[in-house]
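Chemist: Sharing a structure, written as structure tokens. Questions coming.
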Amino acid sequence: MNIRNRERKVQIFAALMAAIALSGCAWQRIPASPSFASPSPLPLTVGIQLSSSPASDLYGPKVVKLLKEMRVVDKTVYPYREDDEVDALLGIAIEGGWEGSGAAAGFVIGLTLGLLSPVVGPSMVGRHDLNATLTNKDDQIASHSAKIVTKVTWGIAGDSNEVAVKADDLQSRKIAVEIAEWLQTNRRHILERLK
934 MNIRNRERKV QIFAALMAAI ALSGCAWQRI PASPSFASPS PLPLTVGIQL SSSPASDLYG
994 PKVVKLLKEM RVVDKTVYPY REDDEVDALL GIAIEGGWEG SGAAAGFVIG LTLGLLSPVV
1054 GPSMVGRHDL NATLTNKDDQ IASHSAKIVT KVTWGIAGDS NEVAVKADDL QSRKIAVEIA
1114 EWLQTNRRHI LERLK
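In our numbering, the protein residues as written are 934 to 1128.
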């Protein structure tokens, strides 16, 4: 009977340790999405042309959809074709990707401290270069370059696919807001050049 009680105590202790170690392992730290409120759309019909790159292929359509939702311009033509009548053409090029780290480190440090992932978990950093150019026929009206950086972290038991989808959505939103703010900041210049 004494051996059975000892085995039961070991099992209960092991179950409690597992519960403590795994509690909170599914957390996610994803930065808040930036907001954009256009005072009024630019009174233009703008065609959008995406560069051919893996990042542009992934983020470009999402960025275009967000720009339409934000009503940055009166009318968006996407995908743009050469015979489409537009006031200007917005070229968007996105390069870069995500780098991940920390899953093994988070696990080892967590075990060492007796706390698993509430202390350290895996992380990803997205680094994307944005180049946007607004042209009218062959005349460049304005151009803009920016580096969009986003870091997300999550617990070891977190759903990495869910985190990746949220991170991509956030990165798309940050790129779209960057373009929208650039167009609004240069509103006067753009409209004067297109008269």
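Ideal Cβ positions, reconstructed from N, Cα and C, are used throughout, including at glycine.
1) For Ile1027 and Tyr992, which I take to be in contact (beta-carbon distance under 8 Å), what is that distance rounded to the nearest angstrom?
2) Which partner residues of Gly962 appear in the DSSP bridge assignment?
3) Suppose you measure from the CA of Leu1202 to the CA of Val1085; what does that come to, to the nearest Å?
4) Please confirm if the stretch 1062-1082 is in contact with the stretch 960-974, defined as three or more CB-CB distances below 8 Å between the two stretches.
5) Check whether the Cβ atoms of Ala1113 and Thr1068 sit closer than 8 Å, and answer yes or no.
6) According to DSSP, simplified to helix, strand and coil, what is Arg1106?
7) Report the rounded CA-to-CA distance for Arg1126 versus Ile1089, giving the unit in angstroms.
8) Among residues of its own chain, excluding the 5 on either side of Gly1047, which ones have a beta-carbon nearer than 6 Å to its beta-carbon?
9) Assign Ala970 to one of two classes, buried (16 or more other C-beta atoms within 10 Å of its C-beta) or exposed (fewer than that).
10) Can you find the residues in the same chain that come closer than 6 Å, C-beta to C-beta, to Pro972, ignoring five residues on each side of it along the sequence?
11) In whole angstroms, give me the CA-to-CA distance for Leu975 and Ser1093.
12) How is Asn1100 classed by DSSP in three states: helix, strand or coil?
13) How many Å lie between Ala1075 and Gly1091 at the Cα?
14) Please name the residue in Ile1108, Ala1065, Val1005, Val1019 whose C-alpha comes closest to that of Gly980.
15) With distances taken from CA atoms, which of Ala1097, Leu999, Glu1111, Glu1032 is nearest Asn1064?
Modeler: Looking at the coordinates:
1) Contact check for Ile1027 and Tyr992: beta-carbon distance about 5 Å, within the 8 Å limit, so the pair qualifies.
2) The identity of residue 962 in the sequence shown is Arg, whereas the question assumes Gly. Note: Arg962 sits in a beta bridge opposite Thr1086.
3) Only positions 934 to 1128 of the chain appear in this structure, which leaves residue 1202 out of reach.
4) Here the stretch 1062-1082 does not lie against the stretch 960-974, with fewer than 3 beta-carbon pairs under 8 Å apart.
5) In this structure, Thr1068 does not lie closer than 8 Å to Ala1113 by Cβ.
6) When DSSP states are grouped into helix, strand and coil, Arg1106 belongs to the helix group.
7) So the alpha carbons of these two residues sit roughly 53 Å apart.
8) Residue placement at Gly1047 cannot be trusted, given a pLDDT of 42 that sits under 50; the coordinates are not used to answer.
9) Exposed.
10) Within the same chain, Pro972 has no close Cβ partners at all.
11) Going by the C-alpha atoms only, they are around 39 Å apart.
12) Correcting the residue type first, residue 1100 is Ala in the shown sequence and not Asn. The three-state secondary structure of Ala1100, taken from DSSP, is helix.
13) Taking the Cα positions, Ala1075 is about 43 Å away from Gly1091.
14) Distance check between Gly980 and each of Ile1108, Ala1065, Val1005, Val1019 places Val1019 closest, using alpha-carbon atoms only.
15) Asn1064 has its Cα closest to that of Glu1111, out of Ala1097, Leu999, Glu1111, Glu1032.
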